[in-house]
Every structure is written in structure tokens, then in C-alpha cells.
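J.: Encoded as C-alpha cells, here's the structure I'll be asking about.
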Amino acid sequence: MRDYTSSQKLSVDQGAAGTPLTAGQPAQCCDSRRSFLRGATATAVAVPSLIVATSSSVLAAKSKPKPKPKPVPLPHVEVDRKVVQVLIHEIQNDEATHVTILQKLLDDSDNPLNPKIRPTPVLNLSSLVQHNLQSFLTTAAAFENTGSGTYGGALFAVQQTEEYFPTAVGLCTVESRHASFLNALLSQPLVPDFAAVESPIQQGVTLSRVAPFVSDPVVGFPSFDPVNASDPNNFRILDFLLFLEYIEAAFYRINVPRFFP
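According to UniProt numbering, the stretch in the sequence shown is residues 1 to 261, in order.
In C-alpha cells:
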């Protein structure tokens, strides 16, 4: 396996064995992950680095509608490997911290769930372990895009109290920052499909994407009411998010030392 520590630059066009790493190339990973990756990035295309300015002739013709700006694909880009290493480790630490935060919120006498804090699911290591840099970054981006949309959807049902809502919003925005960084690193839009407003991801979609990484949820798959806010439902939302964070945290814990020691 190639020694990454010797490289000063991380090329977004280069994989673990020196093979091309491009946004359009499929990740070299097992079939169980492909539906997850396709679902999370189905609307993603090559990211533009510039937006073509509208021509002066069109601006002058006020009666004509302005044409939609066409993106210009990014050229080959090299990123300082040390910067990427620091930020990937930051993402890993954030996801581990998210687990602790959610566990503390669930450890509440008012929590009606049994158990109050679900155990870590039995994970499918054959799906979690990534075999090259491209598959790691692509899968990480898929996790973070899914997490961002899932948190965004959960916010609709979280009671807007000081106890839960500010934390849920803070976790959501951190997931979004992770996603945008990884998307850009892969020459993809900061938000899939260049969306100015990110759409929430329904819990059923989230579970279908992460299911290949889980061998046994132990206490069943989580769920919550996406419409009717209530105190018991707050705990069901936290339980759902903890389930997702368990998987994400394990993914980084296993793979970051392989590619960014």
C-alpha cells in the first residue's frame, strides 16, 4: 500500500495506488455500499470553480430572460496534505464527540425509551473498511451529506426548547460543514445539485442508506414522529441521531488511521 505520509500534496485526481481519483469514477468498494453512495450523491455533478458571467448583450436586452449561468469544471487541483489530514481528524473527533453529547442528552429520567441509551449496533466491517483513498473520501462525503439532511429533517420535529433545540441545530450545522468540505475535496458541489436550499432527508431514506453498514441494530432500528413534536418524541429523535452517529464514528475510527495516520 502506498505510503501517504511521504506526500506533501493530496491530489483530488489520485487514489491509494496512484490510480485516477475523479468525481466521475466509481469507488472501488463492495456492492453493499453502492446504493448508499448513489443515494447520497445521485444529484452531484462535477463542481464548478467559476461561474460564467452573463454576456453584456443579454444584460442589455431587458426583454429577454437571463440564461442560467453554466458552470466551468474544476481543473486538476492539488491540496496540501497536511491541511486535509488536520481537517479529516477534526471530522473524526467531531463525530466521536457527537456520540457523547447525544448519550448525555438521552441519560435523562424523563426518557421513556428502554434502554435509555441504545447500545452500539453490530457493524458490518466488510462494508465499513475502505480499501483506497477514493472510496474513503466518497463514502465519508455520503455519510456527511446524509447526516446533514437527516439532522435538517429532524429539526422540524424537535421542540424548540433550550434543552434540545440549540444542540440539534449546532450538530446539524457541523454535519453540513463536514459535508461541504468533503464535497469540495471530491470536486463536487458544496451542496448536492448546487441547491441553494438543502432538502431534508426522511428517516426511511437515511436507514436504507446506512443499513448495509449494520449487521444487527441490537435493539431494533430507531424511528420518530417527523411531524408532531413532543417531549417523548425528542428522545426518539435523539435515539435516531445516536444510531447514525455510532456508525459514522466507527467509520472514521476504522479508516482515518489507514489513510491519514
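Yeah, the Cβ is synthetic: ideal placement off N, Cα and C, and Gly gets one too.
1. Near His-178, which residues of its chain fall below 6 Å by C-beta distance, leaving aside the five closest residues on each side in sequence?
2. Which whole runs of the alpha helix (DSSP H) in the stretch 106–172 are 4 residues long or more, in chain order?
3. Since Thr-120 and Thr-206 should fall inside the 8 Å C-beta cutoff, what is the C-beta to C-beta distance between them, to a whole number of angstroms?
4. Take Leu-244 and list the residues in its own chain whose beta-carbon comes closer than 7 Å to its own, dropping the five residues that flank it on each side.
5. Give every residue of the same chain whose Cβ lies closer than 8 Å to the Cβ of Asn-124, excluding the five residues on either side of it in the sequence, and list them in chain order.
6. In angstroms with no decimal places, state the Cα-to-Cα distance between Leu-182 and Ser-127.
7. Pull up the distance between the alpha-carbon of Val-99 and that of Ala-154, whole angstroms please.
8. DSSP three-state call for Ser-223: helix, strand or coil?
9. According to DSSP, what are the bridge partners of Asp-216?
10. What's the gap between the Cα of Leu-113 and the Cα of Asp-231?
11. How big is the Cα-Cα spacing for Pro-217 and Val-129?
12. Going by alpha carbons, who is nearest to Phe-235 out of Ala-157, Ile-88 and Phe-194?
13. Using a Cβ-Cβ cut-off of 6 Å (strictly less than) and excluding sequence neighbours within five positions of Ala-250, which residues of its own chain qualify?
14. In whole angstroms, what separates the C-alpha of Arg-104 from that of Asp-80?
15. Once you ignore the five residues that flank Gln-25 on each side, which residues in its own chain have a CB closer than 6 Å to its CB?
16. Going by CA-CA distance only, name the one from Ser-208, Ile-237 and Tyr-164 that's closest to Val-227.
17. So residue 289 and Leu-106 are supposed to be a Cβ contact under 8 Å. How far apart are they, rounded?
18. Rounded to whole angstroms, how far is the Cβ of Val-84 from the Cβ of Leu-186, which I believe are closer than 8 Å?
19. Can you find a C-beta in chain D that's less than 7 Å from the C-beta of Pro-222?
20. Leaving aside the five residues before and after Glu-95 along the sequence, list all residues of the same chain whose C-beta is less than 7 Å from its C-beta, in chain order.
21. Output yes or no for whether 7 Å exceeds the beta carbon distance between Cys-172 and Gly-152.
22. Checking 7 Å against the spacing of the C-beta atoms, do Leu-102 and Leu-242 come in under that value?
23. Got a sec? Which residues, its chain only, sit under 6 Å from Ser-180 by beta carbon, not counting five neighbours each side?
24. Roughly how many whole angstroms lie between the Cα atoms of Val-174 and Ser-208?
25. Where does Gln-92 sit, in a helix, a strand or coil, going by DSSP?
T.: In short:
1. Taking the first residue of the sequence shown as position 1, residue 178 is located at position 178. Hits under 6 Å: Ile-91 and Glu-144.
2. 125–128 and 133–154
3. Within the sequence shown, numbered from 1, the residue matching residue 120 stands at position 120. Within the sequence shown, numbered from 1, the residue matching residue 206 stands at position 206. Going by Cβ atoms, the distance from Thr-120 to Thr-206 rounds to 18 Å, so no, they are not a contact pair.
4. Position 244 of the sequence shown, counted from the first residue, corresponds to residue 244. Excluding residues within five positions, the ones whose Cβ falls inside 7 Å are Gly-147, Thr-150, Thr-206 and Val-210.
5. Working through the sequence shown from its first residue, we reach residue 124 at position 124. Hits under 8 Å: Ser-32, Pro-212, Phe-213, Val-214 and Ser-215.
6. What you label residue 182 is simply residue 182 of the sequence shown in a count that begins at 1. What you label residue 127 is simply residue 127 of the sequence shown in a count that begins at 1. The straight-line gap from Cα to Cα measures roughly 20 Å.
7. Within the sequence shown, residue 99 is the residue found at index 99, counting from 1. Within the sequence shown, residue 154 is the residue found at index 154, counting from 1. Val-99 and Ala-154: Cα-Cα distance of roughly 16 Å.
8. Position 223 of the sequence shown, counted from the first residue, corresponds to residue 223. Of the three classes helix, strand and coil, the one that applies to Ser-223 here is coil, per DSSP.
9. Position 216 of the sequence shown holds residue 216. Looking at the DSSP assignment, Asp-216 forms a beta bridge with Val-122.
10. As a position in the sequence shown, residue 113 is number 113, starting the count at 1. As a position in the sequence shown, residue 231 is number 231, starting the count at 1. Spanning the two alpha carbons is a distance of roughly 12 Å.
11. The count along the sequence shown starts at 1 and reaches residue 217 at position 217. The count along the sequence shown starts at 1 and reaches residue 129 at position 129. Taking the straight line joining both Cα atoms gives about 18 Å.
12. Residue 235 sits at position 235 when you count from the first residue of the sequence shown. Taking only the C-alpha atoms, the option nearest Phe-235 is Ala-157.
13. Taking the sequence shown and counting its residues from 1, one reaches residue 250 at position 250. Same-chain partners within the cutoff: Leu-123.
14. Indexing the sequence shown from 1 puts residue 104 at position 104. Indexing the sequence shown from 1 puts residue 80 at position 80. According to the sequence displayed, residue 104 carries Lys and not Arg. Whole-angstrom Cα-Cα distance: 37 Å.
15. Taking the sequence shown and counting its residues from 1, one reaches residue 25 at position 25. In this prediction, Gln-25 has a pLDDT of 39, which is less than 50 and means its spatial position is unreliable; what the coordinates show is noted afterwards. Counting only Cβ-Cβ distances below 6 Å, and skipping sequence neighbours, we find nothing.
16. As a working mapping, residue 227 is identified with position 227 in the sequence shown. Ranking Ser-208, Ile-237 and Tyr-164 by Cα distance to Val-227 puts Ile-237 first.
17. Past the boundaries of the shown model lies residue 289; the chain is included only from 1 to 261, so the question cannot be answered.
18. Counted from its first residue, the sequence shown places residue 84 at position 84. Counted from its first residue, the sequence shown places residue 186 at position 186. Not quite, the Cβ-Cβ distance comes to about 12 Å (not below 8 Å), so this is no contact.
19. In the displayed structure, chain D is absent; only one protein chain is listed.
20. Translated into the one-based positions of the sequence shown, residue 95 becomes position 95. Closer than 7 Å at Cβ, skipping near neighbours: Glu-245, Glu-248, Ala-249 and Tyr-252.
21. Within the sequence shown, residue 172 is the residue found at index 172, counting from 1. Within the sequence shown, residue 152 is the residue found at index 152, counting from 1. Cβ distance < 7 Å, so Cys-172 and Gly-152 count as in contact.
22. Here residue 102 corresponds to residue number 102 of the sequence shown, with the count starting at 1. Here residue 242 corresponds to residue number 242 of the sequence shown, with the count starting at 1. Cβ atoms of Leu-102 and Leu-242: closer than 7 Å.
23. In the sequence shown, counting from the first residue as 1, residue 180 sits at position 180. Around Ser-180: Leu-190.
24. Taking the first residue of the sequence shown as position 1, residue 174 is located at position 174. Taking the first residue of the sequence shown as position 1, residue 208 is located at position 208. If you take the alpha carbons of Val-174 and Ser-208, they lie about 23 Å apart.
25. Taking the sequence shown and counting its residues from 1, the one referred to as residue 92 is at position 92. In this structure, Gln-92 counts as helix in the three-state DSSP scheme.
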